[in-house]
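To keep things clear, I will list the structure first and then write my remarks on it.
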């Protein structure tokens, strides 16, 4: 997004295509961080090692889920912002066109 000056003064230019791509990539990254595979099976070995590996896996899985969920939410928020911008931009274009026709 970059500020610009148009006929009506200060304006805002948004590369909607790029913003949509960023939103989609955020969602995809979020999806990739959320573990889909079941927890690995415990292999034979000392009980403390198995418990430690299990605890580390659980912590890593929790962190990945939190990061993934965050990125998905932010991607959805950006997508909503792009939609709102497009809607406002279309409405403003219609209003400007109507005002120009009245002024003729």
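Numbering (the UniProt record's numbering), first residue to last: 1 to 104. Even for Gly, the Cβ is constructed at its ideal location relative to N, Cα and C.
Alpha helix (DSSP H) segment containing residue i, residue limits
i, result
"residue 30", "16-33"
Residue i versus residue j: straight-line alpha-carbon distance, rounded
i, j, result
"residue 99", "residue 89", "15 angstroms"
"residue 30", "residue 55", "23 angstroms"
"residue 73", "residue 66", "11 angstroms"
"residue 59", "residue 35", "12 angstroms"
"residue 27", "residue 101", "43 angstroms"
"residue 52", "residue 68", "24 angstroms"
"residue 61", "residue 95", "51 angstroms"
"residue 32", "residue 64", "9 angstroms"
"residue 23", "residue 93", "25 angstroms"
"residue 12", "residue 82", "12 angstroms"
"residue 1", "residue 91", "Any reading at residue 1 is ruled out, since the residue's pLDDT is 49, under 50, leaving its predicted position unreliable."
"residue 3", "residue 80", "Only weak support is given to the placement of residue 3: the predicted model assigns it a pLDDT of 46, under 50, and the question is left unresolved by the model."
"residue 6", "residue 14", "At residue 6 the pLDDT is 46, less than 50, meaning the model places this residue with poor confidence; the figure from the coordinates comes in the next sentence. If you take the alpha carbons of residue 6 and residue 14, they lie about 14 angstroms apart."
"residue 86", "residue 57", "43 angstroms"
"residue 20", "residue 78", "8 angstroms"
"residue 25", "residue 84", "19 angstroms"
Three-state class that DSSP yields for residue i in the structure shown
i, result
"residue 68", "helix"
"residue 97", "helix"
"residue 75", "helix"
"residue 54", "helix"
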